[in-house]
Structures are given as C-alpha cells and as structure tokens.
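J.: To start, I am sharing the structure in question, which I have written as structure tokens.
Numbering (this note's numbering), first residue to last: 223 to 466.
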C-alpha cells in the first residue's frame with residue numbers, strides 16, 4: 223500500500239516589477255536541503271543557483287526564472303521563506319553612536335541588540351523619480367527593462383566599463399524616434415553598441431539614473447539603543463540584508 227500524500231498550501235503573489243501574478247507552494251525538506259548545502263559552501267554563485275532551483279521547484283505556474291528581474295526573484299524567495307520557515311527573522315544590530323567614556327574620551331557604543339522583522343512587511347520601494355522610459359531629446363528615446371540573473375552572470379566582471387556597457391545593452395527593450403520603434407531583437411549587437419557609445423554624457427547619465435533608482439527590496443526599522451539611548455532608522459536593502 224502506498225504512503226499517504228501530504229498536500230502543501232498554495233499561495234498567490236504579485237511580483238512587484240513584472241506584475242506577474244503567480245501561485246506557489248512553501249518549500250519542503252528537499253528544498254531546504256538544497257539551501258542548507260548552498261549556504262555551507264559560502265559560494266555566492268552556488269547560493270544564487272540554489273535560490274533559483276528552489277523558486278523553480280515551488281512556483282506552480284510556467285515561469286522563466288532566468289528572465290525575471292532580480293528584485294522580483296528576491297521578493298519571491300523572501301515570501302517563499304516566510305511561508306516555509308516563518309514570517310519573522312531575527313537579526314542583530316551594532317550601535318555605532320559616539321559616546322563619551324569615563325575618561326572623557328569619545329568611542330563607539332558598540333552595543334549589540336537583537337532586531338526582529340516580519341518578512342511579509344518587506345516591499346520593493348519605487349522612487350518617485352524612477353522611470354524606464356528615457357527621453358534622449360530630439361524625439362529620440364529608449365525604454366529599459368530590469369536586470370535579471372542572466373544579465374549579471376553574463377557581464378564581463380574584469381572590466382568595470384565593459385560591465386556597465388554590457389548591462390545597459392542587455393537591458394534595452396527598444397529605442398524609438400518620432401517615426402518608428404526599434405526593438406532590440408531586430409537590432410544587431412554591433413549597431414546597439416554603437417548607438418550607446420554615441421550618447422552624450424548627459425544622455426548616458428539619464429540611463430544610469432534608471433539603474434540607480436530601480437526598485438529594490440527595502441525595509442526601514444526605528445532603532446533605539448538600550449545602552450546609550452541613541453535613536454536611528456535602520457534601512458535594510460537587498461536580499462542579503464535580511465539574512466545577514
């Protein structure tokens with residue numbers, strides 16, 4: 223007689239950047255094993271691959287993980303973790319306030335305090351000045367997409383300028399003028415690279431602003447040190463901050 227099947231609950235989630243509505247289940251012991259092995263490796267690429275594998279296993283809809291914006295994948299994994307292990311995460315914060323010691327000298331407080339956050343409160347903040355449609359002037363513009371893990375894995379990390387140019391090129395959706403739209407799939411890499419290299423400094427800065435203001439996982443916590451009484455606001459940003 224076969225063993226009974228254990229059914230897992232199913233949750234709905236709307237991804238913040240792609241706006242996709244997906245269904246997913248919590249990860250199980252087999253997925254937690256993948257994550258633990260990856261964490262023990264202390265290798266960033268191994269951990270990223272483990273996250274992608276876990277998400278792929280748990281999402282019940284057809285979804286190309288490699289083409290998801292990085293922030294969407296991080297947001298999805300954070301919610302997976304909340305539904306699988308628990309919504310609360312315990313972190314520690316060191317107080318960096320300057321205090322005067324008994325000898326009248328200034329030093330750091332360095333008091334370490336526990337902080338607890340609810341993962342489900344974490345959102346992808348969209349700055350008011352963020353826009354993926356960039357006006358380059360003279361009725362010419364460019365529309366950008368968000369970096370995904372394929373983008374990050376394929377860039378040339380040996381050269382900073384080549385990495386920047388590679389990310390910009392990979393994230394172009396289309397270019398337009400007053401008469402036509404030029405989709406990237408219809409443009410050769412050489413032609414696209416030449417277009418990007420022909421931009422003025424001000425035009426390229428507009429594209430850089432798109433990346434600098436791109437939505438990221440972000441959560442703010444009001445902190446008060448129980449030793450020196452210092453009050454501050456802590457900002458957690460990016461997936462790693464929530465497991466630091």
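Glycine included, each C-beta is placed from N, C-alpha and C at the ideal position.
Any idea what DSSP makes of residue 340, helix, strand or coil?
T.: In this structure, residue 340 counts as strand in the three-state DSSP scheme.
J.: Considering only residues of the same chain and omitting the five flanking positions on each side of residue 400, which have a CB-CB separation below 6 angstroms?
T.: 361
J.: Leaving aside the five residues before and after residue 446 along the sequence, list all residues of the same chain whose C-beta is less than 6 angstroms from its C-beta, in chain order.
T.: 453.
J.: What residue from 391, 425 and 424 has the CA that sits closest to residue 410's CA?
T.: 391
J.: Helix, strand or coil for residue 414 per DSSP?
T.: helix
J.: Identify the continuous alpha helix (DSSP H) that holds residue 263 and give its terminal residues.
T.: 251-263
J.: Can you check which of these residues, 310, 325, 329 and 313, is closest to residue 319 by C-alpha distance?
T.: Ranking the options by Cα distance to residue 319, first place goes to 329.
J.: Give the straight-line distance between the Cα atoms of residue 277 and residue 326, rounded to the nearest whole angstrom.
T.: 54 angstroms
J.: Using the Cβ count rule (16 or more neighbours within 10 Å means buried), how would you classify residue 436?
T.: buried
J.: In angstroms, rounded to a whole number, what distance separates the CA positions of residue 439 and residue 323?
T.: 38 angstroms
J.: Measuring straight from C-alpha to C-alpha, what distance separates residue 292 and residue 300?
T.: 12 angstroms
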